[in-house]
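In order, the protein sequences belong to chains Z and Y. The first sequence begins at 1 in this note's numbering and counts up by one. The second sequence begins at 487 in this note's numbering and counts up by one.
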Amino acid sequence: MDHSIILNGKQVKVGDISPTMTVLEWLRQTGFTGTKEGCAEGDCGACTIGLLDQGPDGPTWRAICSCIMLVPQAFGRQIVTVEGLASDSGLHPAQQAMVDKLGSQCGYCTPGFVMSLFEATYRSDLDSHWKMDDQICGNLCRCTGYRPIREALYEIAGRQPTDRFSEALDALPEIPAVDYQRGDQRFVRPEKWGDLWTAMSDGPVRFVSGATDLGLDITQRFMAFPLLIDLGLLPGMREISPIADGWHIGAGVLLSDLEAWSETHSASLGKMLRFFASRQIKNRATVGGNLCNASPIGDLPPVMLALNAVAVIRSSGAERRQPFAPSGSDPGFWTAYRTTALQDGEVLAGIEISELHPSTYASTYKVSKRRELDISAVSSAFALRLDESGVVADLRIAFGGMAATPARALKTEAKLLGQPLSQSTIEEAIKTLKDDFSPIDDHRGTAWYRATVAANLLRGFFEEAQGGVRVTLPDRPTGTIFAEKN
Amino acid sequence: MAGGLHKPGPHESAHLHVTGSAKYVADDPGPQGTLFVLPVPSPIARGRIISMDLRSALAVDGVHCVLTVDDIPGDNIWGPILHNEPLLADGVVHYMGQAIAIVVAETEHSARCGAQRVELEFEEQTPIIGIESAIAANAFHTDPHIIERGDLEAAFESASMVIDGVVETPAQDHFYLETQAALAIPEENGGYTIRSSTQHPTEIQKVVAAALGIGAHHVVCEVPRLGGGFGGKESQASPYAAYAALAAARTGRPCRSWLHRGQDMAWTGKRHPFRTDYEAAFDENGMILGVIARLYSDGGWSLDLSGPVLDRALFHVDSSYFIPAIRVEGRVCSTNIPSNTAFRGFGGPQGMFVMEEILNRAADAMGVDSTELRRRNFYGEAPRDTAPYGQVIEANRLPQLVPQLMEESNYAARKRAIEQFNQTQQHVKRGIGFQPVKFGISFTASLLNQAGALVHVYTDGTVQINHGGTEMGQGLHTKMIAVAADTLGVKLDAVRLMTTATDKVPNTSATAASSGSDLNGAAVQGACLTILERLRPIAAQLLGDEAASTSVTFRDGCAWLGHESGVPFAKVATAAWAQQISLSSTGYYATPGIGYDPSIGRGRPFFYYAFGGAISEVEVNGLTGEYRVRRVDILHDVGNPLAPSIDVGQVEGGFVQGMGWLTCEAVLYSPQGRLLTHGPSTYKIPAAGDTPLELNVSLLRDADNPLVIGGSKAVGEPPFMLAISVISALRDAIRTFGKPGSIVELGMPATPEAVLRAIEHQRIESTAGMDKRHG
Ligand SMILES: Cc1cc2nc3c(=O)[nH]c(=O)nc-3n(C[C@H](O)[C@H](O)[C@H](O)COP(=O)(O)OP(=O)(O)OC[C@H]3O[C@@H](n4cnc5c(N)ncnc54)[C@H](O)[C@@H]3O)c2cc1C
Ligand code: FES
Ligand code: FES
């Protein structure tokens, strides 16, 4: 079978490459050096390219980081690089805007920005400035200070010209199944569940979804994988569907799609996703990857805990439901540092989230050194329901960054359950946080900072919740409590 | 194409940038057969190498050879100032990541596998990490450099308030988006062409020639463009070029070296962290009477450029203020980390920050507005117009600039609005801060202030220009094209700027110290003027008035006598050729009248000063310490700008980079000397969302600088320090979380954690570090 990639409109055969070669390496080796490497860890955006993908409302162009996408993941797919944008009639609007607004100095970050602007050109939902800033928060520039680049973005965002790129959106991009072996590494992308179970029986397997975590094992730690199985093509993986009292979200749903969905379905989830990684990463990263990665500083796990979500786990011939939160002797989904309840032969197929009780107030907060594109020092998700008499009827306090696993503050919760919510009960309960957690020092924050912020976030949350008003977020909030706009 | 002299327009390579066709060194895979070169880094920070076994490395598929210090045909030792840095470790290692050997292989992959298989044994010693440890171990690279004047004893005697304390400023990684890269191609006759991402091609040429043991004439260094430099490629690009050249010499094949981000960050030096112990005396009106400051910089393992970096820090402790009695003393500490190096501002920001912090703390202690305190202490009329090292601050633009900035930024009204806002808010507070900048322009090693150019005119009237500067995004080439086109009176597209190369313009200084366009611009202009001198008689002949040759002017692509009769430039050039007159010339420029004597701490180190001012407003979250810069207004003095839009870009970019230094960028080493923040995942430079919500930059009008080409001023570094205004604004906001009169204790960089600590401290403390000996 031929393995090829449609690069800038032309089908390019991919020669003998290692299954863990990244698209960036392949591009540069193929002579497409316009795409740059600035970090090979998804954090600078210099490697950004466009990928034609299936979106929630049909085909869509996505800006993605080529430095952590594996070449076999791109097999059969259409990608576009900075070299492929201009046409005989001139520069692409994204390029022209960068020239007009003086968006380049040394020019090294420029191709990446151009490609992020490229996606923006065809987006129809860039209706606020924070969303536009989010579009480029995955691109670093050391020269310009960003103001001109931002102006270039504002100029072209949502312009949706009619051109060969918009025409490409008319047809559903085909994503083929893949089975590619070179040397002692093999990459499989099954399109049927049955094929998955068969492939899995071939030896020690590592699953891959967006590769935004796994990619780092390759580019930073130079690991090799005998058998990689991409779960992205399996039926249902990328779907969000209603269930009895809530929603089933496929494990393969991309975070950018989930973010768009949560705008109308879950404010608290949406708020966390707004400060999650970058557009390029969210365009590849999946729900399942984030939860199975089991990082103690992952951002979705606390949300799962606070929203009482349930993992839907599938194996050949069986499906089971595992609540994320611990209860009784069940340790929940995250059983130890970077370990999940998934057994050999199991994959995470999706999650189930129930509708919140109408009087429950839930919110999420992420605190990091840098607001955009940074890993949390502390991430948190809280849900509170008071009964008619103002007594705490239901409370879930969940944190990331405070322990070896994402965790609920069970002791603190217990202190408040059944109590009226007042300054003194809150302060009394917050004292208990230190019995729930003893956070650590690292380069993201000291134990002091984590403990102090965790307590303050909780204070802020209760204040917000008691305010009764569901505060609508002003543009670019700085944290928990926001100044009134003025 | 650019807009021409004094006109706005994009970068000369903008079109290439946005289409991905601008080529950087690492974009060139090299000719067929190019090998990859990778250093073998020391895994320990300090110790002796007991044994090195290369056998399994050499056995790796694709590995050609592994070179050690014994394989260097010429000089293993280099160094930008002192000649004391081994290219490859000679028995001892001084920092983690120091190159011990280089692996030369078919591919990067095999080079990496080979490097991993070099077996090393060490006798480890405890590394010295951090300034405190160096002071304790008495480990210094330099003796104290002292600048002093005035009667300090009297100043402190008569003071109504004395404060003392410590000011620390952090390291900063350059984080140029393009990492270090070089390609070495062996040529016939024993020559080498080196393509390097360097700010200093002549240094590359010298280091390579010395390492290979050949004459400099055998080495040509070419620099197509840099994906950012910021000082990080002034001295520290050299070893990577030398490794490629050594490998090329050994194998006879082209060799390239290129660092991954993690390697680049772990192996190269950064902005020097400084620690300063100070005492400062003020009178009852808040006037500075005297300052004593002892500055220590962390030089890392070798001296590199630390000497002049420290000098510039000492020169800038005065910031924009007149300090009647002062003693500043500085030393470079020796530690076991990569050698810290040049970085935009070159010590200036570190020196200035000391005084700014003193003023901020004094303002807190006195309960006065720090902006007001700053304005009171400005340099003024004689005798308040002389810097501690004896240079008169001529053409001080601050008296004109600051009131205009205050007015345009609506400072007074906003200050009141912020106070009102803060009264209504419990968790969120706003603050506003002002920062003036006075920055000395010239290399402080005076002899470096020279530049050359080479200009060719062709018979069709088109022009090639070469100059010694490198293009790294700062727009130097854009400006040089404009200078040449303007001088020769031809269209911009008649001028082509050639790749910077040491065979065109020799013996150059680094493109650094903000001096690129001042020096190279004068050299380019000089070369053009020489050619015009030769063309004038010819043009006069063609215009039919041989006697009037001195009145010939060149503009709009023609030579003119008066306004009516013009003859095309091409025609003049062709006629000159036909008359056997040279159409090519070099140009050369050296800055006149500067010099400094460090033994007495007196002189005129700077040709002139650049000025600027910024007002920043922030909003701080008292629960988490997170904050946002809401608005920044900058008024900056670039003289009569050669390329105004390029200069605005420098101001904005410099400001945001300065903000990064003081806010989010934290360089962390472990006690063992391991860099913990070695990629953008752990080291956070400002992202788009950190840019001030509103950023208003204006250039001071009618600010012609007669000393420099086109009336312009240097712009690369001075705006960096405008970012200190963000710190003053943060302090202003943090202060309101506590009682008046207490000194805000804000550590640098002011990460959300540092801010929250300061807020918590403010909530508890009311006075600290204050000594009211008098009054
Ligand atoms: C630049 C950058 C920024 C980031 N920022 C954030 C952030 O702000 N917050 C945050 O939480 N994370 C962040 N991450 C981490 C990462 O992007 C997320 O965890 C992401 O959701 C992972 O999803 P993925 O689909 O890419 O996972 P992959 O990398 O494909 O997989 C991750 C792990 O999960 C396993 N896995 C994947 N899918 C399944 C499945 N369905 N069943 C079983 N196992 C599975 C894989 O085997 C692998 O071990 C960031 C990463 C990068 C590179
Ligand atoms: S190279 Fe930095 S994000 Fe890909
Ligand atoms: S223009 Fe140099 S990094 Fe953006």
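Just so it is clear, CB atoms sit at the ideal spot from N, CA and C, and this is done for glycine as well.
Item checked: Interface flag, D966 of chain Y vs chain Z, CB-CB below 8 Å -> Rather than Asp, the amino acid found at residue 966 of chain Y in this sequence is Met. Answer no: the Cβ-Cβ gap between M966 of chain Y and chain Z never drops below 8 Å.
Check: Is it buried or exposed for E1266 of chain Y, if we count other Cβ within 10 angstroms and need 16 for buried?
Finding: In the structure as shown, chain Y starts at 487 and stops at 1261, and residue 1266 of chain Y therefore has no counterpart that could be examined.
Check: Looking only at DSSP bridge pairs, what is H942 of chain Y linked to?
Finding: Answer is Y:Q950 and Y:S1070, bridged to H942 of chain Y.
Next item on the list: Assuming T405 of chain Z contacts A336 of chain Z (C-beta within less than 8 Å), just tell me the rounded distance between them.
Entry: Contact flag correct, Cβ pair sits at about 7 Å.
Margin query: In whole angstroms, give me the CA-to-CA distance for V976 of chain Y and V1201 of chain Y.
Written below: In this structure, the alpha-carbon of V976 of chain Y lies about 26 Å from that of V1201 of chain Y.
Item checked: Test item: CB-CB of S376 of chain Z and V367 of chain Z under 8 Å -> It is a contact, given that the beta carbons lie within the stated cut-off.
Checklist line | Contacts around E1032 of chain Y, its chain only, beta-carbon distance under 8 Å, and the 5 residues preceding and following it disregarded | finding: Excluding residues up to 5 positions away in sequence, P1023 and A1026 lie with their Cβ nearer than 8 Å to the Cβ of E1032 of chain Y in the same chain.
Next item on the list: Run the CB neighbour count on M223 of chain Z, radius 10 Å, all protein chains shown included, and call it buried at 16 or more, exposed below.
Entry: Under this definition M223 of chain Z is an exposed residue.
Margin query: Closer than 7 Å between beta carbons: that is the criterion. Which residues of the region 87-110 of chain Z meet it against chain Y?
Written below: Listed in sequence order: L91, Q95, M98, V99, L102, S104, Q105, C106, G107, Y108, C109 and T110.
Next item on the list: Answer yes or no: does any C-beta atom of chain Y fall closer than 8 Å to that of E355 of chain Z?
Entry: No, no contact with chain Y.
Notebook entry, point to check: Does E372 of chain Z get closer than 8 Å to chain Y when you measure Cβ to Cβ?
Noted result: Chain Y, which has a Cβ nearer than 8 Å to the Cβ of E372 of chain Z, makes this yes.
Check: Under 8 Å between C-beta atoms, does C1150 of chain Y make it to chain Z?
Finding: Cβ-Cβ to chain Z under 8 Å: yes for C1150 of chain Y.
Item checked: Within-8 Å CB hit, N308 of chain Z to chain B -> Of the protein chains in the structure, Z and Y, none is chain B.
Check: Helix, strand or coil: which one does DSSP assign to V511 of chain Y?
Finding: The answer is helix: DSSP assigns V511 of chain Y an H, G or I state.
Item checked: Uninterrupted alpha helix (DSSP H) stretches inside the region 202-284 of chain Z (no shorter than 4 residues) -> Correct list: 214-219, 255-265, 267-274 and 279-282.
Check: Do you know offhand how far G38 of chain Z's Cα is from V943 of chain Y's?
Finding: One C-alpha to the other measures close to 39 Å.
Next item on the list: Taking I281 of chain Z as the reference, give the member of Z:P72, Z:A341, Z:V12 and Z:G215 with the closest Cα.
Entry: The closest CA to that of I281 of chain Z, considering only Z:P72, Z:A341, Z:V12 and Z:G215, is found on Z:G215.
Note to self: On the DSSP bridge list, what partners appear for D763 of chain Y?
What the structure shows: In the DSSP output, where bridge partners are listed per residue, D763 of chain Y has Y:V652 and Y:R780.
Next item on the list: Note down, one range per segment and in chain order, each beta strand (DSSP E) of at least 3 residues found wholly within the region 1127-1193 of chain Y.
Entry: Runs of the beta strand (DSSP E) inside the region 1127-1193 of chain Y: 1180-1185.
Item checked: A267 of chain Z to G138 of chain Z span [Cα, whole Å] -> Cα to Cα, the separation comes out at about 23 Å.
Next item on the list: Counting only the same chain and skipping the five closest in sequence on each side, list residues whose C-beta sits under 6 Å from that of R1259 of chain Y.
Entry: In this predicted model, R1259 of chain Y has a pLDDT of only 35, less than 50, meaning its place in the structure is not dependable; the value taken from the coordinates is given anyway. If we look at R1259 of chain Y and ignore the five residues flanking it on each side, its Cβ neighbours are V648.
Check: Span of the beta strand (DSSP E) holding D179 of chain Z?
Finding: From DSSP, the beta strand (DSSP E) with D179 of chain Z extends over V178 to R182.
Check: If you measure beta-carbon to beta-carbon, which residues of the region 744-770 of chain Y are closer than 8 Å to chain Z?
Finding: Cβ contacts with chain Z come from H746, R747 and G748.
Check: From Z:I426, Z:D441, Z:A465 and Z:Q466, pick the residue whose C-alpha is nearest to that of A455 of chain Z; which is it?
Finding: Checking every option, the nearest Cα to that of A455 of chain Z belongs to Z:I426.
Checklist line | CB-CB length for A657 of chain Y against C819 of chain Y, believed under 8 Å | finding: With 8 Å as the limit, A657 of chain Y and C819 of chain Y do not qualify as a contact, their Cβ atoms being about 13 Å apart.
Check: Under 7 Å from any heavy atom of ligand 2, does the C-beta of C39 of chain Z make it?
Finding: For ligand 2, a non-hydrogen atom lies closer than 7 Å to the CB of C39 of chain Z.
Notebook entry, point to check: First and last residue of the alpha helix (DSSP H) that includes M1059 of chain Y?
Noted result: The question names Met, but residue 1059 of chain Y is Ala in the sequence shown. Looking at the DSSP string, the run of the alpha helix (DSSP H) that includes A1059 of chain Y is F1055 to A1064.
Note to self: Please tell me whether K719 of chain Y and D659 of chain Y are closer than 8 Å, where the distance is taken between their beta carbons.
What the structure shows: For K719 of chain Y and D659 of chain Y, no; Cβs fall outside 8 Å.
Margin query: So L1161 of chain Y contacts chain Z; which residues on that side make the cut at Cβ distance below 8 Å?
Written below: Within 8 Å Cβ-Cβ: nothing; L1161 of chain Y doesn't reach chain Z, min ~10 Å.
Next item on the list: Name the one or two DSSP bridge partners that D330 of chain Z has.
Entry: According to DSSP, which records beta bridges pairwise, D330 of chain Z is partnered with Z:S327.
Check: Counting Cβ pairs closer than 8 Å, one from the region 242-252 of chain Z and one from the region 350-364 of chain Z, do we hit at least three?
Finding: Enough Cβ pairs lie closer than 8 Å, so yes.
Check: Name the DSSP beta bridge partners of Y365 of chain Z, please?
Finding: Note: Y365 of chain Z sits in a beta bridge opposite Z:S380.
Next item on the list: Per DSSP, which residues does G818 of chain Y bridge with? Please list them.
Entry: In the sequence under discussion, the amino acid at residue 818 of chain Y is Val, which differs from the Gly named in the question. In the DSSP output, where bridge partners are listed per residue, V818 of chain Y has Y:S783.
Next item on the list: Could you work out which residue in Y:S499, Y:V1010 and Y:G1108 is closest to Y108 of chain Z when comparing CA atoms only?
Entry: For the residues Y:S499, Y:V1010 and Y:G1108, the minimum Cα distance to Y108 of chain Z belongs to Y:S499.
Check: Roughly how many angstroms lie between the CA atoms of T665 of chain Y and D442 of chain Z, to the nearest whole one?
Finding: The alpha-carbon atoms of T665 of chain Y and D442 of chain Z are separated by roughly 26 Å.
Notebook entry, point to check: Within the present structure, is the beta-carbon of G42 of chain Z separated from the nearest heavy atom of ligand 2 by less than 7 Å?
Noted result: Judged by the Cβ position, G42 of chain Z qualifies as a neighbour of ligand 2 at the 7 Å threshold, a heavy atom of the ligand being closer than this.
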